[in-house]
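Please read the structure below before turning to the comments.
Number of protein chains: 2
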Amino acid sequence: MVATIRDVAKLANVSVATVSRYVNGTRKVRGKTAERVKFAIEELGFRPNAVGRSLSTSTTKSIGMVIPSISNPVFSDAVSGVSAAIRKEGYSLTLTTSQYSPEGEVDAISTLLENRVDGVILTVTDPETSKALELLEKSAVPFVMIYNQPSSGRATMTVDNVAAGKEVAGELIKLGHKRLGMVSGKFASSDRALARMNGFVKGVRDARLTAPVICEVDFEAQDISDVLEPMFKDMNAAPSALFCSNDILAISVIGALRRLKIAVPKEVSVIGFDGIAVGRHMYPTLATVVQPSKEMGKAAARNLFERLAGGQDPQSVILPHEFTIGESAGPAAKHDPTDLQTQSKPTSKRSPT
Amino acid sequence: MVATIRDVAKLANVSVATVSRYVNGTRKVRGKTAERVKFAIEELGFRPNAVGRSLSTSTTKSIGMVIPSISNPVFSDAVSGVSAAIRKEGYSLTLTTSQYSPEGEVDAISTLLENRVDGVILTVTDPETSKALELLEKSAVPFVMIYNQPSSGRATMTVDNVAAGKEVAGELIKLGHKRLGMVSGKFASSDRALARMNGFVKGVRDARLTAPVICEVDFEAQDISDVLEPMFKDMNAAPSALFCSNDILAISVIGALRRLKIAVPKEVSVIGFDGIAVGRHMYPTLATVVQPSKEMGKAAARNLFERLAGGQDPQSVILPHEFTIGESAGPAAKHDPTDLQTQSKPTSKRSPT
DNA sequence: ACAAAAAATGTAAACGGTTACATTTGTGAA
DNA sequence: TTCACAAATGTAACCGTTTACATTTTTTGT
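So the sequence lines, in the order shown, correspond to chains S and A.
One point on numbering: in my numbering, the residue at position 215 of the first sequence is 215, and numbering is uninterrupted.
One point on numbering: in my numbering, the residue at position 172 of the second sequence is 172, and numbering is uninterrupted.
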């Protein structure tokens, strides 16, 4: 069917070894010979079979990646970074998703291990209990986590989520907010959301404010409005600022607040986390903590290559994050009766008077 | 190092054939024997090497995918669909990006072909001139395009972009718009944008309106504001509605208009194309043509599997699209002197009284 | 208990490369 | 020209599976 190295060798009247050496440039082949080989390759449309090569060299030149979902742009950004970094090294990318489930992670890793990827870049729901990570460790395939919190001496590329969460609290407090809240994806499936929450709560507590309302949502399943509505029944008690555990969630929250006729940021400020591109383009622009997703992907890939090349112990890296103010966050509104001056129409849902 | 089928065979005191048959369930192995094999596999942590298997069976159980960029959610959605569909069949996904360049496409396809993927799902800039498609055809690896326009009898999964474009024109005209415009990504790198434009122009022409302003932008590179500003110098001449060739672009356009202090949709309506999730969550919700990206990915994968299984000629499928109105599109504003009543602050940029 | 048929298992040759080692060819100095 | 040595090339084993075919074991019918 398709030409093999032996076909080329026969046509060029050389040995397979010579063809191999010509193709890979591993040894010099004489001009005359090289020409014959080159001709044969073109004549036959020969394309080296990576499978044969992999079996022989026991290296696949491929990197496996496991992300919870590809629908959240924050992960696409990381994929993009990984993709760019490994292409440069001639590697290819096998992408799998876990749908935020530990079983999904195990399945994904199993597949990748069977495919003998040279390294793995992944994000798990919980590094502490992850069976997938255990599989990886047993297999001795080098791996790096991204987004996950450092733990157990495993390598991870992430930002300081606790510090960032605290920073968000600080910024909101600086804007005069006194009643804060957080809307987060399930902590069980996101150690970083948990870390952000912890930092946020600490920041609020340090400022001697009442502890923030924490609202855990199953983002993929629930309608955010249903969660937000009771929370904002009484605007005098409701938080004047919400920290969301990621940008997608924040965008949804802003949309839901609008539907509840609550103005952002006039009545409620919203801050996200991730720094996905669309947040900068939309209106209101999203106040958020920007994490360098693409760079994280690249860094993870580089880390992997270093280990594949030399040895080097796995090493975690904390990358810099940056709080970016946007139109979705502003000064705290005063929720006394003069509240009615706010531009949005008062509705029966609001506090009386 | 890592256990092979021979290690298992030795430990279980059977032949490699028996192990292979046990692992793949291709033949019955007697209870007693099966137990020994099972034990040996667990004892050694044996995991079949897909590379060896692939070489032997000359099938990799992997599908290659080439998309222009992973940063546009419309493509992530397709990846998501493909990923889900192929996982079900036990296939894995090798993902590559072309950065909207024909050379990138060729590189990607070359890599995929060397890796002997069993099939390819891809989106190219221009099917008519694509060297990548030629490579694929020469290689005899089954492939399906997604998003691309049907051409040359090659299989593609897409929506009717021309009809959709025309439909958008119709909807805007129905809303009373008379001066229409389109902002599009480079036609040279998107046959579907071109098709949408053609339909749009046709729709406008059929309504006997003046031809729409067409504005081609290098979206990744340029700042949209620079493009929009001259267009909206004179509001009496400027279009009252803009059709954007994709949602991401539309979101940026809305943002840019806001920065130019032009209200959406009060002064200018904006309609996108794709139906990415964020458009439904943001404010204003994005009026757009929803195409079933995830379904397209799934359909492409299924098409590939059918061909891998039975034979079947490649077959293009036109999937249904759906125009969805959103808050970003509304009735045409009257741009006579009473224009000043519009909520947004008049600026020197606007037409004089 | 025995032969024949059926079921289970084993043997060894692919699959398409790479590479250690062996061999041939080419080069330069005497 | 001849020899020693270097450079180029060739030979064949190996990487980890699958599977056609051969062989052994079990089952079945009598």
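Cβ coordinates follow ideal geometry from the N, Cα and C atoms, glycine included.
Residue i CB to nearest chain A CB: under 7 Å?
{"i": "Val431 of chain S", "result": "In the structure as shown, chain S begins at 1 and stops at 353. Residue 431 of chain S is therefore absent and cannot be evaluated."}
{"i": "Leu340 of chain S", "result": "Unreliable placement is indicated for Leu340 of chain S, whose pLDDT of 40 sits below 50; the coordinate value is still reported in the next sentence. Not one chain A Cβ lies under 7 Å of Leu340 of chain S."}
{"i": "Thr97 of chain S", "result": "yes"}
{"i": "Val278 of chain S", "result": "yes"}
{"i": "Ala3 of chain S", "result": "no"}
Give the range of the alpha helix (DSSP H) segment to which residue i is assigned.
{"i": "Val168 of chain A", "result": "Asn161 to Lys174"}
{"i": "Glu128 of chain S", "result": "Unbroken run through Glu128 of chain S: none, as it is neither H nor E."}
{"i": "Glu103 of chain A", "result": "Pro102 to Glu114"}
{"i": "Thr18 of chain S", "result": "Val16 to Asn24"}
{"i": "Ile41 of chain S", "result": "Gly31 to Leu44"}
{"i": "Lys298 of chain S", "result": "Ser293 to Ala309"}
{"i": "Met235 of chain S", "result": "Careful: Met235 of chain S lies outside any alpha helix (DSSP H) and carries neither H nor E."}
{"i": "Ser54 of chain A", "result": "Ala50 to Thr57"}
{"i": "Phe200 of chain S", "result": "Asp191 to Asp206"}
{"i": "Lys10 of chain S", "result": "Ile5 to Ala12"}
{"i": "Gly279 of chain A", "result": "Ala277 to His281"}
Who pairs with residue i in a beta bridge, going by DSSP?
{"i": "Ile63 of chain S", "result": "S:Leu93 and S:Gly119"}
{"i": "Ala287 of chain A", "result": "A:Ile271"}
{"i": "Leu242 of chain S", "result": "S:Gly181 and S:Val270"}
{"i": "Met145 of chain S", "result": "S:Leu122 and S:Thr156"}
{"i": "Leu319 of chain A", "result": "A:Val159"}
{"i": "Ile251 of chain A", "result": "Note: Ile251 of chain A sits in no beta bridge, so no partner."}
{"i": "Ile214 of chain S", "result": "S:Met182"}
{"i": "Ser80 of chain S", "result": "Note: Ser80 of chain S sits in no beta bridge, so no partner."}
{"i": "Ser151 of chain S", "result": "S:Arg154"}
Residue i and residue j: beta carbons closer than 7 Å?
{"i": "Ala163 of chain A", "j": "Pro265 of chain A", "result": "no"}
{"i": "Arg179 of chain A", "j": "Ser245 of chain A", "result": "no"}
{"i": "Leu55 of chain A", "j": "Val8 of chain A", "result": "no"}
{"i": "Ile121 of chain A", "j": "Ala3 of chain A", "result": "no"}
{"i": "Ala275 of chain S", "j": "Phe219 of chain S", "result": "Per the sequence presented here, residue 275 of chain S reads as Gly, with Ala not at that position. In this structure, Phe219 of chain S does not lie closer than 7 Å to Gly275 of chain S by Cβ."}
{"i": "Asn148 of chain A", "j": "Thr123 of chain A", "result": "yes"}
{"i": "Ile5 of chain A", "j": "Val14 of chain A", "result": "no"}
{"i": "Phe232 of chain A", "j": "Ile262 of chain A", "result": "yes"}
{"i": "Ile70 of chain A", "j": "Thr97 of chain A", "result": "yes"}
{"i": "Met65 of chain A", "j": "Met157 of chain A", "result": "no"}
{"i": "Arg36 of chain A", "j": "Ala17 of chain A", "result": "no"}
{"i": "Met235 of chain A", "j": "Ile214 of chain A", "result": "no"}
{"i": "Phe143 of chain A", "j": "Phe200 of chain A", "result": "no"}
{"i": "Gly279 of chain A", "j": "Asp313 of chain A", "result": "no"}
{"i": "Asn95 of chain S", "j": "Leu113 of chain A", "result": "Note that residue 95 of chain S corresponds to Leu in the displayed sequence, not to Asn. In this structure, Leu113 of chain A does not lie closer than 7 Å to Leu95 of chain S by Cβ."}
{"i": "Ser83 of chain A", "j": "Lys294 of chain A", "result": "no"}
{"i": "Gly272 of chain S", "j": "Thr285 of chain S", "result": "no"}
{"i": "Ser189 of chain S", "j": "Tyr91 of chain S", "result": "no"}
{"i": "Ile63 of chain S", "j": "Ile86 of chain S", "result": "yes"}
{"i": "Gly326 of chain A", "j": "Tyr283 of chain S", "result": "no"}
{"i": "Gln291 of chain A", "j": "Ala155 of chain A", "result": "no"}
Shorter than 7 Å from the beta carbon of residue i to some beta carbon of chain S?
{"i": "Leu308 of chain A", "result": "no"}
{"i": "Ala50 of chain A", "result": "yes"}
{"i": "Thr59 of chain A", "result": "no"}
{"i": "Leu55 of chain A", "result": "yes"}
{"i": "Arg47 of chain A", "result": "yes"}
{"i": "Pro337 of chain A", "result": "Caution is warranted here: a pLDDT of 40 is assigned to Pro337 of chain A, below 50, making its placement in the model unreliable, and no coordinate value can be reported."}
**Request:** Closer than 9 Å, Cβ to Cβ, to anything on chain A: give me those residues from the segment 66-94 of chain S, in chain order.
**Result:** Here the close residues are Ser69, Ile70, Ser71, Asn72, Pro73, Phe75, Ser76, Asp77, Val79, Ser80, Ser83, Ala84, Arg87, Gly90, Ser92, Leu93 and Thr94.
**Prompt:** Residues in the segment 108-137 of chain S with C-beta within 7 Å of chain A's C-beta atoms, listed in sequence order?
**Reply:** When CB distances to chain A are screened at a threshold of 7 Å, the residues of the segment 108-137 of chain S falling below it are Thr111, Leu113, Glu114, Asn115 and Arg116, in chain order.
**Request:** Taking a Cβ distance cut-off of 8 Å, strictly less, list which residues of the segment 229-254 of chain A are near chain S, in chain order.
**Result:** Listed by position, the residues of the segment 229-254 of chain A near chain S (Cβ gap below 8 Å) are Ile248, Ile251, Ser252 and Ile254.
**Prompt:** Quick one, which residues of the segment 282-293 of chain A are near chain S if we go by CB-CB under 7 Å, in chain order?
**Reply:** Only Met282 and Tyr283 from the segment 282-293 of chain A bring a Cβ to less than 7 Å from some Cβ of chain S.
**Asked** What residues from the segment 9-33 of chain S come within 9 Å of chain A, judged by C-beta to C-beta, listed N to C?
**Response** Cβ contacts with chain A come from no residue of the segment 9-33 of chain S.
**Asked** Quick one, which residues of the segment 254-275 of chain A are near chain S if we go by CB-CB under 7 Å, in chain order?
**Response** Listed in sequence order: Ile254, Gly255 and Arg258.
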